[in-house]
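As structure tokens, the structure follows; a few thoughts come after it.
2 protein chains.
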Amino acid sequence: MKKKITVMGGGTGGFVVLSGLKKLPIELSAIVTMMDSGGSTGRLRDQLGVLPPGDLRQCLVALSEAPDLWRKLFLYRFETGDFEGHNFGNIFLSALEKVSSNYHEVLETVSYVLKTKGQVIPVTFDKTHLCVEYENGTILKGESHIDENNKETGRITHAFLEPQVSANGDALSAIENAQEIIIGPGDLYTSIIPILLVPGIKSHIQSASGKIIYIMNLMTKLGQTSQYGAMDHIQDLEGYLGKAIDVVIVNNGKIDAEIIKWYTSHNERPVINDINSSTFKGMVIEENVLTGAAALTNKADKLTRSILRHDSDKLARVISRILSV
Amino acid sequence: MKKKITVMGGGTGGFVVLSGLKKLPIELSAIVTMMDSGGSTGRLRDQLGVLPPGDLRQCLVALSEAPDLWRKLFLYRFETGDFEGHNFGNIFLSALEKVSSNYHEVLETVSYVLKTKGQVIPVTFDKTHLCVEYENGTILKGESHIDENNKETGRITHAFLEPQVSANGDALSAIENAQEIIIGPGDLYTSIIPILLVPGIKSHIQSASGKIIYIMNLMTKLGQTSQYGAMDHIQDLEGYLGKAIDVVIVNNGKIDAEIIKWYTSHNERPVINDINSSTFKGMVIEENVLTGAAALTNKADKLTRSILRHDSDKLARVISRILSV
């Protein structure tokens, strides 16, 4: 029997971790955040009234075992004309939603054509927006306002969904049945915590037997984790999980000075590892999990995206050791 | 051994005839016109520099044996937002062209997902525009200018392509190997003749052994066959074929007065059957080949489209008799 592993996240981080885990002999489920409202996804939501396709598309492509052409097609981004800035995979999911009788049919159809390994599970099928409140009382509504061009440097004291939604039953089952639950990497407040805000997710995690493995972010994120060290990430996440994290994977590979300079000019910096045994009781795994390529650019969805990434294969190797698979 | 049948055309007429022929026990090839420049297709050509997808998409969907959802998806037309007026199938073909190394790969991939019965063959892989010259000396360049809002009522004296193109070798083989060649229905100068203008097509038809079966249009078309009776259609077509037509299928079903009124208000009328044995030596098959539904509207590509159609199944029955299959 293969181990049942459930991954939670979205965005580029979800793509990276799933691309690596796909190669392990495990039974994978990916619970995907459905609160994106920026870029191509945001325009499709607004104009067509569809569910946000962007995070789903990234996870579906990551788990795809279809010929490369299909993966390239789904990641293809139009650069001119009526479709400028739109991603073909997003258009595919949106049109498919329009002609399907329900979203299960959408997932079945797209998984068939992409030959997806494992199950990609939207955390909810309801439309909602992520909102956060800062310590200074400012409230931001909509994932894109929190994620992009956000100059708030204070702490987020409270994150919530508006309107409230129902969890996808498949997401709850995937948590219940998981032998281990992997969280991240990904922007804490826009990719990870939105999943935990969906009613039923937290309580199912609390009662689930699977260990929680958290992949720590490499860099801080302006507007959500500006001044955060590793322990801040852990404390916020444990608050929304209602449960202690069992294992944290922290990068100890050296980040190129040029890359740090680029981030610094964007008011972001490496997440400092300030975890110690008096503050965190779980296991800490420090390892070089950086991509070999010094710098990467990804214009898939937004004009500027993280230029530093985790390496899929390095992450998968560390995780396979933890899972003993 | 199944009979090898090659169909030539495009647009709605191509869709109708192929949808019916798909059900016959024959080996089908469809040679598709690649000169459309209007609507969604025209915008995609202009903005992305792709080959015109519209006619191909119609033929591919007509021959699809995939579940209905795929056919619905490929015919889905966005009605709002950035994609307004665009057809998903057109977007699919365009994005696929962008990520494929050649158009054969595009056709293979789309045929795989649509489970296309038979072969859909673009007459050329080169980009070109259809041009026509009228008896008053007016020259129109671009299929959309000839097809849409064209007020010319005179005869077209000369049709040509600019720039000149090369034929797709598969199209030449499909003509050579065909036991019968079916032409139409479809707008004579914008769907049928453009195929015959591609170098090599005419000479291959001339030397081919397959009989030529022509499905006569139901209505005249403003700007291309304004004052045409059935014999005018035959004479023009035989000119571009360089060969006599063997069989003509002409509708003798009664067209509803309301529909005739609608066409009259658009300066179009039923094609009068003025064929007689002194002017045409081939076989004439007169039959009711009209759709049962009195009026149909199709907003797939353009805002107003022919509201009267041939019936797929009735056409297929007549053709199956001719082919003895």
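The listed protein sequences derive, respectively, from chains A and B. Residues in the first sequence are numbered consecutively from 1, following the working numbering. Residues in the second sequence are numbered consecutively from 326, following the working numbering. For each residue, glycine too, the CB sits at the ideal point set by N, CA and C.
Inset, instruction - Leaving aside the five residues before and after K627 (chain B) along the sequence, list all residues of the same chain whose C-beta is less than 8 angstroms from its C-beta, in chain order. - result: With a pLDDT of 38 at K627 (chain B), under the threshold of 50, the modelled position of this residue cannot be trusted; read the value that follows with caution. Closer than 8 angstroms at the Cβ level, and outside the excluded window around K627 (chain B), lie G363, G364, E473.
Inset, instruction - Kindly indicate if chain A contains any beta-carbon less than 8 angstroms away from that of S436 (chain B). - result: Not an interface residue.
Inset, instruction - Name, going along the chain, the residues of the region 426-458 of chain B whose beta-carbon falls closer than 8 angstroms to a beta-carbon of chain A. - result: E430, T434, V438
Inset, instruction - Starting from Q47 (chain A), find everything on chain B with Cβ-Cβ shorter than 9 angstroms and list it in chain order. - result: F403, T405, G406, D407, F408, E409
Legend entry - 6 angstroms Cβ shell around L465 (chain B) - same chain, five flanking residues per side excluded: V457, I471
Inset, instruction - Give a yes or no on contact between the region 482-496 of chain B and the region 310-324 of chain A, applying the rule of three or more CB pairs nearer than 8 angstroms. - result: no
Legend entry - Coarse secondary structure for Y134 (chain A), derived from DSSP in three states: strand
Inset, instruction - Tell me the start and end of each unbroken beta strand (DSSP E) in the region 472-532 of chain B that is at least 3 residues and wholly inside, in chain order. - result: 481-487, 505-508
Legend entry - Helix, strand or coil at L296 (chain A) according to DSSP, with G and I counted as helix: Residue placement at L296 (chain A) is flagged as unreliable, the pLDDT there being 44, under the threshold of 50; the coordinate-derived value follows with that caveat. Three-state DSSP puts L296 (chain A) in coil, outside helix and strand.
Inset, instruction - Step through the CB atoms of chain A and report whether any lies within less than 8 angstroms of the CB of L394 (chain B). - result: yes
Legend entry - Contact under 8 angstroms by Cβ, G161 (chain A) with T128 (chain A): A small fix is needed here, since residue 161 (chain A) is Leu in this sequence, not Gly. Cβ distance < 8 angstroms, so L161 (chain A) and T128 (chain A) count as in contact.
Inset, instruction - Whole angstroms is fine: what's the gap from P122 (chain A)'s alpha carbon to G20 (chain A)'s? - result: 20 angstroms
Legend entry - chain B contact for V99 (chain A) (CB, 8 angstroms cutoff): yes
Inset, instruction - Following the continuous alpha helix (DSSP H) through T434 (chain B), name the residue where it begins and the one where it ends. - result: It spans 428-439 - the alpha helix (DSSP H) in which T434 (chain B) sits, taken as one unbroken run.
Legend entry - According to DSSP, residues forming a beta bridge with V445 (chain B): B:A355
Legend entry - D236 (chain A) classed as buried or exposed, judged by whether at least 16 other C-beta atoms fall within 10 angstroms: buried
Inset, instruction - Check whether the Cβ of I91 (chain A) lies closer than 8 angstroms to any Cβ atom in chain B. - result: Yes, contact with chain B.
Legend entry - Closest residue to T482 (chain B) among B:I610, B:G578, B:D557 (Cα-Cα distance): B:D557
Legend entry - Short CB-CB distance (under 8 angstroms) between R43 (chain A) and chain B: yes
Legend entry - Separation of I234 (chain A) from S277 (chain A), as counted between CA atoms: Whole-angstrom Cα-Cα distance: 13 angstroms.
Inset, instruction - Tell me, to the nearest whole angstrom, how far the beta carbon of T478 (chain B) is from that of S551 (chain B); I am working on the premise that it is less than 8 angstroms. - result: 4 angstroms
Inset, instruction - Just mark H266 (chain A) as buried or exposed, buried being the case when its beta carbon has 16 or more other beta carbons within 10 Å. - result: exposed
Inset, instruction - State buried or exposed for N35 (chain A), treating a residue as buried only when at least 16 other CB atoms are found within 10 Å of its CB. - result: Contrary to the premise, residue 35 (chain A) reads as Met rather than Asn in this sequence. Classification of M35 (chain A): buried, given that the 10 Å Cβ count is 16 or more.
Inset, instruction - At 7 angstroms on the CB atoms, spell out the chain A contacts of F413 (chain B), in chain order. - result: Within 7 angstroms Cβ-Cβ: A95.
Inset, instruction - Can you tell me which of the three DSSP states N251 (chain A) falls into? - result: strand
Legend entry - chain A residues whose Cβ lies nearer than 7 angstroms to that of L398 (chain B): A95, L96, V99
Legend entry - Cβ distance (whole Å) where A244 (chain A) is taken to contact G210 (chain A) below 8 angstroms: In fact, because the Cβ distance is near 13 angstroms, the residues do not count as touching under 8 angstroms.
Inset, instruction - Give every residue of the same chain whose Cβ lies closer than 6 angstroms to the Cβ of T616 (chain B), excluding the five residues on either side of it in the sequence, and list them in chain order. - result: R634, D636
Legend entry - Close-in-space but distant-in-sequence residues of the same chain around S144 (chain A) (CB under 8 angstroms, 5 per side omitted): D36, S37, G38, G39, G42
Inset, instruction - Would you tell me roughly how many angstroms separate the C-alpha atoms of V438 (chain B) and A391 (chain B), rounded to the nearest one? - result: 7 angstroms
Inset, instruction - Could you check the C-alpha separation between E501 (chain B) and I530 (chain B) for me, to the nearest Å? - result: 7 angstroms
Inset, instruction - Please name the residue or residues paired with K4 (chain A) in a DSSP beta bridge. - result: A:E27
Inset, instruction - Quick one: grab the DSSP three-state call for Y539 (chain B). - result: strand
Legend entry - Residues of its chain near A230 (chain A), where Cβ-Cβ distance is below 8 angstroms and the 5 sequence neighbours each way are ignored: M216, V248, V250, V271, I272, N273, D274, I275
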